[in-house]
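Structure first, then comments.
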Amino acid sequence: MNTVSKTRDMVLTGAFVAIMLIMTIIPVLGYIPLGFMNATIIHIPVIIGAILMGPRKGAFLGFVFGLTSMWKNTILMPNPTSFVFSPFITVGDFSGNWRSVVICMIPRILIGVVAYYVYKAVLRSNGKKQILALTCAGVAGSITNTLLVMNLIYFLFGNSYAAAAHVNTAKGVYAFILGVICMNGIPEAILAGILTAAITRVLIQVKEHS
Numbered sequence: 266m267n268t269v270s271k272t273r274d275m276v277l278t279g280a281f282v283a284i285m286l287i288m289t290i291i292p293v294l295g296y297i298p299l300g301f302m303n304a305t306i307i308h309i310p311v312i313i314g315a316i317l318m319g320p321r322k323g324a325f326l327g328f329v330f331g332l333t334s335m336w337k338n339t340i341l342m343p344n345p346t347s348f349v350f351s352p353f354i355t356v357g358d359f360s361g362n363w364r365s366v367v368i369c370m371i372p373r374i375l376i377g378v379v380a381y382y383v384y385k386a387v388l389r390s391n392g393k394k395q396i397l398a399l400t401c402a403g404v405a406g407s408i409t410n411t412l413l414v415m416n417l418i419y420f421l422f423g424n425s426y427a428a429a430a431h432v433n434t435a436k437g438v439y440a441f442i443l444g445v446i447c448m449n450g451i452p453e454a455i456l457a458g459i460l461t462a463a464i465t466r467v468l469i470q471v472k473e474h475s
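In case it helps, my numbering puts the sequence shown at residues 266 to 475.
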């Protein structure tokens, strides 16, 4: 990578970090409150950044996303289940711990990595169908976040999460988690696919002509 490319990637990385911080600070822009937890669209800059700059930068942007999520759940917008995302908060009888860090960080770091490799795989198998590749990458990155977060919550905080969300049994909490995956995860994935394709295509064209 030449100096110009390195400088451009540094500027892009800084821009995406700034966008995520703005989405975190401004209410309901990046995190949409649902009462018991927050839905999010802040993973979209992570996906776009990974496609433009590669999996390492995507992983870094995912790490930043994880930090914003922890910050949001600790200080800016805590809710009854924030303890699953922050080791620094106690909600009623439930406190976060090291498992909160796993849930908050690992899925978010993997968003960009998965999105990048899905983009490359689809592009390689479908020739010049860039829109399809971008859409698939957006959907895959979003689903990676939703599936990993919700399943890690079940395995690491199942009983506590059930009590905080007012779900009575272990069987009931996974049914509840499946409901969250379907009701929030699917619309998030569709939106991520559409926005990733629309925005990234333009940015790729700008990058190619710069």
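We put the beta carbon where it would ideally sit given N, CA and C, even for glycine. What you are looking at is a predicted structure, and each value in this text was computed from that prediction instead of being measured.
How is the alpha helix (DSSP H) around Asn424 delimited, first residue to last? As a working note, residue 424 is residue 159 in the sequence shown. Start and end: 395-429.
Pull up the DSSP beta-bridge partners for Ser360, would you. Within the sequence shown, numbered from 1, the residue matching residue 360 stands at position 95. Answer is Thr355, bridged to Ser360.
Chain B beta carbons: is any one of them nearer than 9 Å to that of Ile316? Considering every chain present, this structure includes no chain B. It has just one protein chain.
Using three-state DSSP, classify Thr465 as helix, strand or coil. Start at 1 with the first residue of the sequence shown, and residue 465 comes out as number 200. It is helical.
Taking Leu375 as the reference, which of Ser360, Ser334, Phe353, Leu326 has the closest Cα? Residue numbering aside, residue 375 sits at position 110 when the sequence shown is read from its first letter. Residue Leu326 is the option with its Cα nearest to Leu375.
In chain order, what residues of the same chain lie with their CB nearer than 8 Å to the CB of Leu341, ignoring the 5 residues before and after it? Here the question's residue 341 lines up with position 76 in the sequence shown. If we look at Leu341 and ignore the five residues flanking it on each side, its Cβ neighbours are Thr289, Ile290.
Between which residues of its own chain and Gly331 is the CB-CB distance below 6 Å, once the five residues before and five after are set aside? Against the sequence shown, residue 331 aligns to sequence position 66. The answer, listed in chain order, is Cys369, Met370, Arg373.
Apart from the five residues just before and just after Thr339, which ones in its own chain have a Cβ nearer than 6 Å to its Cβ? For the purposes of this step, residue 339 is taken as residue 74 along the sequence shown, with counting starting at 1. Ser351, Phe353, Ile354, listed in sequence order.
Since Ala429 contacts Pro345 with CB under 8 Å, what's their CB separation in whole angstroms? Stepping through the sequence shown from its first residue, residue 429 is reached at position 164. Stepping through the sequence shown from its first residue, residue 345 is reached at position 80. Indeed, because the Cβ distance is near 5 Å, the residues count as touching under 8 Å.
Would you be able to state if there are at least three C-beta pairs under 8 Å between the region 396-406 and the region 448-459? yes
For Ala386 and Gly406, I'd like the C-alpha separation in whole angstroms. Within the sequence shown, residue 386 is the residue found at index 121, counting from 1. Within the sequence shown, residue 406 is the residue found at index 141, counting from 1. Ala386 and Gly406 have their alpha carbons spaced roughly 14 Å apart.
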